[in-house]
Every structure is written in structure tokens, then in C-alpha cells.
Amino acid sequence: MDKWLSHPTAIKILSVVIGILLWAVVHFDPESTPNTVASTTETQSVDVVKIQTTGLDESAYSLKLLEPSVAKMMVKGSRSALAFTTNDDYSISVNLEGKGPGTYTIPLTVGKLPRGIELVTLSPSQVQVVIDRLEKGTFEAGVVTQGKPVEGYELGTPVIKPGSTVEVTLPAQDLARVGSVKVFVNVDGEDAPVHEKKAKISVFDKSGNEIKGAALNPSTLDVEVPLTMPSKEVPLQIGYKGSLPGGLTLGGIQSKSSTVRLYGPRGLLDEVNQLAADVDLSQIRSSGDVELELLPPEGLKAVEPSKVTVTVTLSSSGTKTLQVPVTFENTPRGLDAALEAPRDGTVDIQVSGTPEELGRLTAADIRAVASLANLAEGAHEVRLALTLPNGVQAVGEPPLVTVKLVASEPASGLPESSPSPSPSPSPGNDGGGAGNEPAGDGAAGEGNASDGGNNAP
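Quick note on our numbering: the sequence shown kicks off at 5 and runs consecutively.
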């Protein structure tokens, strides 16, 4: 035997036999042997397979109902084949080709199964289908803002570009339910205009419920929501401060803008009736235009325009001296006031202005007031406060006067004379220390302080 196995020919024959056996093992087909198939085939349940639709003209029709939308399959195959399959390897469809509006019961079609897998059962084998005709309608889109902007800002009227018309395509029954088409823009915490270039469009029924699945043209909208501060238009009042160089007087100030617009919280705007601005005369050397910067009142945000041009007219000034009676104000209670110097109760006031203004000016247009507030008994030097008409300025400082305060005499049985009324102040600006003062206690002179004023002697 050993001799035979050692023979080269025997070894070759043995090698061929072993090779044939190996080839047979590798290429063995389990399906070719009924007894083997019966012993290795298994069944498996595929519980959820989504049913696909094919053939529907989606440009004209809509699938309203597919009942049920999933099916269950029972399949069989070898253990190894079943082990390597998932639900995604199976497909079930319903053919809707040529179907128009209506209700149908249509059998299901199973797609190509994986290799080595056979279908045993399909449940259900058919489905109910409802098809509706698609219709189009046009609607005006409305803008709905969400959230609140920064406090004090107000929403303007939204602008939709290029237009607000939207074409909505839905099944006929759904299209009849459409109540509104809206686009939503978030403005929460914003303090500048909000620009949403691709704002999403939503369709709602008449009860406010969103209708899903609508085909929209355009699919988005370009929306801009303005955000502005509350505003108010008020008159612009131009005044002046400071003094012109010697030899010049103010002929007039004319603004090229008579009104301005203020921006800020509504409550503060309601309290403002005008905006005042002053030209600094100390910076003026000749007639001409002056650019004046405008500032909003405290608490307000802005003013438009922020600058205005005013025309200042200057002219050569003259001077005029008038004798103006001195009046007292704020005489302390229990004291009487008398003017010791000048004794005649008048002072010389020199003023400058245009010849026209000086020609109209009288002593009655000027008030020279000595305020006696907080003064004790005795003699005091008091600088007068002058009130002058518009267009007239005092030359130099207001003069000093000497006032004597003495204790009031006890009241007698005789009635006291009423104090002479003080001259009424003329509206105007102060000049050379002049200021607007309250109504006087009376003309300079002796009198009882308890009666509200003193009379000149």
C-alpha cells in the first residue's frame, strides 16, 4: 500500500479527486436538493412596509386618502438570506396611472424581492384611494409681526416686494376653506427696520387653523417692517444770547425752517410744544447766515433737521438814556423800604439799539427792580435788575442804588393809601445783567411792607 501511495501517478489521481470534492462543496445549490431546502427554509414577518404611489398626475390631482398607508408581508427564504434583509429591502406600491377624481379600491403591487426570498402573503392586498382635483386661487398675503421692538419704537406699515399676491394650489375642498395667507416676521428686541428676504408663507382656514401641503407661488416673500420712534412736529423758536460787539445792534433773526420734528417716547413728546434754540451774538461780527445746531429736549432721542440756517441782520446802533423809576420787590415782612440814593427815585439807564427801536422806546418800556429779599434792617447797596424790550440792550452794568430798611410803624386807625402800581413789564431779553423779574412790591420810597409794596415819597 505504501508503495502504491508513493507512486507519482497515484498521487496525481488522488489530488484530482480531492479537487473535485472541494469544487462540489463550494458550488453546492441548496435549492437543487429538495430534502436540504426543506430543512433550511424559514419564514419571516415584515410588519411595516410603506405603500408608495405611482402614476398620479400631481400637477392636476391630489391624493386625499390612502388607506391603509402601510402593509404587512410574510416572506420565506434561507436563514442566511433572511438574516441579511431589512424592511428597506422590500417595496409595495399602488398604481394610480390614469386615475382622476374619485374613490377607488386598487390592488397592491410587490416590488422585486431580495435574492433567495419569496412572498408568502401580503396583507392587505388592496387599498382604498381618494383622489381630488387640484385648483388654484390667488390671495393677498398679510404680515404678522412677532415679539416687541425696543421700548419706545413703533412699527410702521410693512412693505412686501414685489407684491403681496400669492397663488395657492390645493385640492378643491381645501381651497374652499382658505381664509387667509400670512407671512410672519420676528421684530422682538429690534431697534431698526427688519428686512426678511425669504419670509415663509403659511395658509390658514377660516378658523385660523393652518392648512398643510399647499403649493405656493411664490414660495417666499421679501418683507420689510419699518421701525421708527414716535415723532411730533413743533414750532421752532429762535432766540439769542450774549452781546454784540460795541457799535452793532441786532436788526433781526430769520430762520429758514419754521418747524422741526422731534423723536422720542410718546409721553415726553406730549409735553413739548416747541423747540427753542439761541444764536450766540458774541460770535457774530456781521450780517449773514449762521448754521445753528439743534438739540432735542432732555429725554427725547433726536430732532430733524439736526441743523438749521438762520439769517442774522445787524445794523449800526445808537444809544439813548432814559430816567427810569426804581421799584422794590421782595421787601422783608415787618420792614419798610426807602430809596436813599438817588433821592428822586429814578436812575439813568443807557441803552443801545437801532434808531427805529430807540425812537419808539420810553421809560415805561423799561423796568429797574431792586430785590430786597433776605436783607436785614439798615442801609444796603442793591444792584438793579433791568427788563428791556426786544432789540434793545443795556450799556454797561445796571446801576447800584442805596436802600434803607427800617422797622414798620404800628398800624394806626387811619387807612393807609394803596401802593402805586408798578409799570407792567414789556416782553424782551435781558441786557447787561437785566433779567425777567416778578411784579414789583411798589415804586421806590417809604411805605408799609405789609400792604405788599412801598410808595415813592
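Even for Gly, the Cβ is constructed at its ideal location relative to N, Cα and C.
- Remark: fewer than three beta-carbon pairs, one from each stretch, lie closer than 8 Å, so the region 253-260 and the region 215-222 are not flagged as touching.
- Under the DSSP assignment, arginine 83 falls in the alpha helix (DSSP H) whose first and last residues are 83-87.
- The straight-line gap separating the alpha-carbon atoms of glutamate 158 and valine 187 is approximately 19 Å.
- When the Cα atoms are used, lysine 408 and valine 330 turn out to be separated by approximately 14 Å.
- Here the alpha carbons of valine 294 and glutamine 278 stand approximately 21 Å from one another.
- For the 7 Å CB-CB criterion, glycine 59 and leucine 100 form a contact.
- Annotation: tyrosine 108 to leucine 26 spans about 58 Å, alpha carbon to alpha carbon.
- With respect to the 7 Å criterion, aspartate 93 and lysine 76 are not classified as neighbours on the basis of their beta carbons.
- Among the bridge pairs identified by DSSP, tyrosine 108 is matched with Val133.
- Going by DSSP, proline 239 is part of the beta strand (DSSP E) stretching over 235-245.
- Exposure of leucine 18 is indicated by the presence of fewer than 16 other C-beta atoms within 10 angstroms of its C-beta.
- Taking methionine 78 as the centre and dropping the five residues before and after it, the same chain places the C-beta of Thr47, Ser49, Val124, Thr125 closer than 7 Å to its C-beta, in chain order.
- DSSP places glutamate 361 in the helix class (H, G or I) of the three-state scheme.
- Taking 7 Å as the cut-off, the beta carbon of alanine 64 is found closer than this to the beta carbon of leucine 138.
- Nearest to threonine 263 by C-alpha distance, out of Ser235, Lys245, Thr45, is Ser235.
- Per DSSP, reduced to three states, the secondary structure at threonine 47 is strand.
- In the structure shown, the three-state DSSP call for serine 19 is helix.
- In this structure, threonine 317 places its C-beta atom within 7 Å of the C-beta atom of serine 291.
- With a 10 Å radius around the Cβ and a threshold of 16 neighbouring Cβ atoms, alanine 411 comes out exposed.
- The three-state secondary structure of arginine 347, taken from DSSP, is coil.
- Listed in chain order, the beta strand (DSSP E) runs fully inside the region 149-200 are 163-165, 169-175, 182-190, counting runs of at least 3 residues.
- For the region 309-342, the full-length beta strand (DSSP E) segments reaching 3 residues or more read 311-320, 322-333 along the chain.
- Here threonine 142 is bridged, per DSSP, to Glu171.
- Rounded to the nearest whole angstrom, the C-alpha separation of serine 206 and valine 114 is 38 Å.
- One thing to note: valine 182 has its Cβ no nearer than 7 Å to the Cβ of alanine 145.
- Note that the C-beta distance between leucine 248 and leucine 285 is below 7 Å.
- Rounded to the nearest angstrom, the Cβ distance from alanine 341 to leucine 376 is 6 Å, consistent with a contact under 8 Å.
- The alpha carbon of lysine 210 has as its nearest neighbour, out of Thr89, Val185, Glu71, Val328, the alpha carbon of Val185.
- According to DSSP, residue pairing for glutamine 354 in a beta bridge involves Thr325.
- When only Cα atoms are considered, isoleucine 215 and phenylalanine 208 end up about 5 Å apart.
- Relative to valine 351, the option among Val98, Arg83, Glu401 whose CA is nearest is Glu401.
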